[in-house]
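Protein chains in written order, with the working numbering: chain A, -15 to 133; chain B, 36 to 193.
Positions of the beta carbon are idealized from the N, C-alpha and C atoms, including for glycine.
These notes are about the structure you will find just below.
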Amino acid sequence: MPLDPVDRAIINALQGGFPLTPRPFRDAGAALGLAEDELIARIRRLIDSGRLSRFGPLWNAEKLGGEVCLAALAVPPERFEAVAEQVNAHPEVAHNYERTHALNMWFVVSAEKPERIAGVIAEIEAETGLKVHPMPKLQEFFVGFRVEV
Amino acid sequence: MLDALDRHIVAATQAGLPLVPAPYRAVGEAVGLAEAEVIARLDRLMASGAIRRIGVVPNHYAVGLTANGMSVWDVADAAVAEAGARVGALDFVTHCYERPRHLPLWPYNLFAMVHGRTREEVREKVARVADLIGPAARAHDVLFSTRILKKTGLRIAA
């Protein structure tokens, strides 16, 4: 089912800046020409249908005291599934994607204790016999975090 | 740094804000704080960067943005800060970072995640990034994700 124009307007307008006021749905709805209860119902429906993964604050893991590091592996194609299982078995591996490159497996290691990142990487190298290429953030550039739908 | 009450607020809102007319009052009731105190703390956490933003988080695939390209660029170190700032400002770029090169396998130091409805659309957007960076980009590539192997949310203990 396609998004209707009101759904699109909500998604395009509310990817940030949700008001920190006692009646935020009323205040955000006013800017969109929607009543408070209508905006709440629409957001609920977008979540229930899976169009939104969530609604609320997006926390920055690093500022909460944790550490996050992207890392890449060049996995021989015939070992890809087995290595994916070895990597995913670590609870510290939050995301893992197959990508189109010689470096074909890209995963994110996140841990509350920063020194644990190197530990997980060393374990994955020992288990797989493959060199892990850590890609830590050196600099983060501001992004609006908005996508148009 | 977050104090214990902030961490209670993190734990209470990780799954999302309650969909009720007074969501901050509801969060306050869950963690034992007045509504005004919850709002003041969220405001502070926004200002400190602990909260990136508050709002809807689209599921890119479910809203039709099924192509996801990690564009990667080899930009001279002296030019990367300016290029990153300009690329991050594009409305189709959702993440933009400087990361280390791993020579000779990986010459790229600037990463910009580009979303679109098709790979073709992503490639067109990457071409706009290339125009924007100009000759400071010595080489680039786009890595499309072909499969999600694992995806779990952030988990923070209270």
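So with CB distances below 9 Å, who are the chain A contacts of residue i?
i: A120(B); result: F125, F126
i: L37(B); result: K47, L48, G49
i: L40(B); result: Within 9 Å Cβ-Cβ: nothing; L40(B) doesn't reach chain A, min ~14 Å.
i: W108(B); result: Ordered by position in chain A, no residue passes the 9 Å Cβ test against W108(B), which lies about 12 Å from the chain.
Using the beta-carbon of each residue, which ones in chain B are nearer than 7 Å to residue i?
i: P84(A); result: One point to set straight first is that residue 84(A) is Thr, not Pro, in the sequence displayed. Here the neighbours are L178, F179, T181.
i: L36(A); result: V91, V92, P93, N94
i: L(-2)(A); result: G90, V91
Return the CA-CA distance between residue i and residue j, expressed in angstroms with no decimal places.
i: E46(A); j: I24(A); result: 31 Å
i: I191(B); j: A95(A); result: Below a pLDDT of 50, predicted positions are generally treated as unreliable, and I191(B), at 49, falls in that range; the measurement from the model is reported next regardless. Rounded to whole angstroms, I191(B) to A95(A) spans 10 Å at the Cα level.
i: G90(B); j: F2(A); result: 5 Å
i: F146(B); j: V107(B); result: 5 Å
i: P8(A); j: N94(B); result: 22 Å
i: E72(B); j: L54(B); result: 19 Å
i: D112(B); j: G123(B); result: 17 Å
i: A120(B); j: A78(A); result: 27 Å
i: P68(A); j: M89(A); result: The sequence shown places Ala at residue 68(A), rather than the Pro named in the question. For A68(A) and M89(A), the distance between alpha carbons rounds to 8 Å.
i: R63(A); j: N103(B); result: 24 Å
i: V92(A); j: Q(-1)(A); result: 23 Å
i: G17(A); j: R60(B); result: 24 Å
i: A118(B); j: G169(B); result: 9 Å
i: F179(B); j: H130(B); result: 15 Å
i: P142(B); j: V127(A); result: 23 Å
i: I74(B); j: P61(A); result: 51 Å
Is the CB-CB distance between residue i and residue j below 8 Å?
i: I31(A); j: I(-6)(A); result: no
i: H74(A); j: D176(B); result: no
i: R88(B); j: L42(A); result: yes
i: P98(A); j: A55(A); result: no
i: S37(A); j: V92(B); result: yes
i: L68(B); j: Y81(A); result: no
i: Y132(B); j: F39(A); result: no
i: A174(B); j: D109(B); result: yes
i: Q70(A); j: E111(A); result: yes
i: G63(B); j: L100(B); result: no
i: N44(A); j: I86(B); result: yes
Going along chain B in order, which residues have a C-beta closer than 8 Å to the C-beta of residue i?
i: E132(A); result: D126, F127
i: P120(A); result: R134, P135
Residues of chain B with CB under 9 Å from residue i, in chain order?
i: R28(A); result: L54
Could you name the residues of chain A that residue i contacts, counting a contact when the two beta carbons are closer than 7 Å?
i: A97(B); result: G34, R35
i: T187(B); result: A78
What are the uninterrupted segments assigned as beta strand (DSSP E) that are 3 or more residues long and contained completely in the stretch 41 to 86 of chain A, given in chain order? If one requires a minimum length of 3 residues, the beta strand (DSSP E) runs lying completely within the stretch 41 to 86 of chain A are 51 to 57, 77 to 83, in chain order.
What are the residues of the stretch 64 to 95 of chain B that lie near chain A, defined by any Cβ-Cβ distance shorter than 8 Å? Within the stretch 64 to 95 of chain B, the residues whose Cβ lies closer than 8 Å to some Cβ of chain A are E70, I74, L77, D78, L80, M81, S83, G84, A85, I86, R87, R88, I89, G90, V91, V92, P93, N94, H95, listed in chain order.
Near-chain B residues of the stretch 94 to 105 of chain A - C-beta to any C-beta below 9 Å: Taking 9 Å as the Cβ-Cβ cut-off, the stretch 94 to 105 of chain A approaches chain B at S94, E96, given in chain order.
Please name the residues in the stretch 114 to 138 of chain B whose beta-carbon is closer than 8 Å to at least one beta-carbon of chain A, in chain order. V115, A116, G119, A120, V122, G123, A124, D126, F127, V128, T129, H130, C131, Y132, E133, R134, P135, H137: these are the residues of the stretch 114 to 138 of chain B whose beta carbon lies less than 8 Å from some beta carbon of chain A, given in chain order.
Along the stretch 160 to 171 of chain B, what residues have a CB closer than 8 Å to any CB found in chain A? Under the 8 Å Cβ criterion, the stretch 160 to 171 of chain B contributes no residue.
Where the stretch 42 to 66 of chain A meets chain B: residues whose CB sits under 8 Å from a CB there: Residues L42, W43, N44, A45, K47, L48, G49, G50, L54, A56, A58.
What are the residues of the stretch 46 to 57 of chain B that lie near chain A, defined by any Cβ-Cβ distance shorter than 8 Å? Within the stretch 46 to 57 of chain B, the residues whose Cβ lies closer than 8 Å to some Cβ of chain A are T48, Q49, A50, G51, L52, L54, V55, P56, A57, listed in chain order.
The stretch 4 to 17 of chain A: positions lying closer than 9 Å to chain B by Cβ: Answer in chain order: L4, T5, P6, R7, P8, F9, R10, A12.
Could you pull out every unbroken alpha helix (DSSP H) segment of at least 4 residues lying fully inside the stretch 44 to 111 of chain B, listed in chain order? Uninterrupted alpha helix (DSSP H) stretches at least 4 residues long and entirely within the stretch 44 to 111 of chain B occur at 58 to 66, 70 to 82, given in chain order.
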